[in-house]
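Notes follow once the structure below has been shown.
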Amino acid sequence: MLKITSGKYRSRLLEVPPSVTVPSKSIVRTALSNALMDKMEGAVVLDLFAGSGALGIEALSRGAAHADFVDQSFEASHVIGNNLDRLKENNGRVYCLDFMEALKSLHMQNKRYDIVFLDPPYALKESYKESIDYLLENQMLNDGAAIVAEYEGEIEVPLSQFGSSRTYNYGKSHVLILRR
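When we follow the numbering used here, the leftmost residue of the sequence shown carries the number 2, and every step to the right adds one.
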């Protein structure tokens with residue numbers, strides 16, 4: 002179980018898929034929420050590679066208007082749905098799809114986001130750039146949008162496409178926040 006760190010669902014527990022995800026540490030989730038506090042209220046959020054849905058649910062807990070959750074694992078998608086149901090949260094939608102299939106589907110629905118969380122399995126290093134490139138090329142980011150990438154080691158991202166970037170370090174984990 003994982004505890005929500007802040008907002009209207011503070012201290013509520015989230016189910017975690019037993020074998021397919023490694024959830025973000027609570028210190029990382031708290032720091033992210035604090036760093037994005039100015040963007041949370043009324044935000045439309047994409048939690049790509051959602052796992053338990055903790056990042057998107059933290060955003061909803063802090064006032065985001067809607068969150069789309071994407072995970073290709075049926076088990077993870079089912080857990081996210083259960084977590085939303087347990088919280089009686091109706092402002093989230095779960096997609097059980099590969100990340101690129103999901104991005105294409107969301108693009109066809111004319112979705113645009115204020116905050117995007119990217120926390121893929123660390124072995125999928127290329128997915129950071131692929132995801133960000135797709136979001137940019139298909140104009141899926143609102144003005145002033147933020148992309149949050151949690152990673153280990155090094156990743157390739159198109160920094161020149163963003164007005165600012167900031168990296169936070171938490172042991173082996175790094176969090177990069179890109180702002181348009």
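Cβ coordinates follow ideal geometry from the N, Cα and C atoms, glycine included.
Kindly indicate which residue of the options has the alpha-carbon position closest to the one of residue i.
i	options	result
Phe118	Val46, Asn35, Leu3	Val46
Gly8	Arg63, Ala44, Asn143, Tyr114	Arg63
Asp69	Met38, Leu37, Arg113	Arg113
Ser161	Glu59, Ile133, Ile81	Ile133
Looking at the secondary structure, which residues open and close the beta strand (DSSP E) in which residue i lies?
i	result
Ile116	114-119
Leu142	142-153
What are the residues that DSSP puts in a beta bridge with residue i?
i	result
Phe70	Asp48, Val95
Ser165	Arg180
Asn170	His175
Lys4	Leu14
Over what stretch of residues does the alpha helix (DSSP H) that includes residue i continue unbroken?
i	result
Arg87	75-88
Leu104	100-109
Ser132	127-138
Ser62	55-62
Answer yes or no: does any C-beta atom of chain B fall closer than 8 Å to that of residue i?
i	result
Asn92	Considering every chain present, this structure includes no chain B. It has just one protein chain.
Which whole-angstrom value describes the C-beta separation of residue i and residue j, a residue pair presumed to lie in contact below a C-beta threshold of 8 Å?
i	j	result
Glu157	Tyr129	7 Å
For this session: Say whether the region 84-93 touches the region 116-132, bearing in mind that this needs 3 or more beta-carbon pairs closer than 8 Å, one atom from each stretch.
Result: no
For this session: Could you tell me whether the region 141-151 touches the region 74-84, using the rule of 3 or more Cβ pairs below 8 Å?
Result: no
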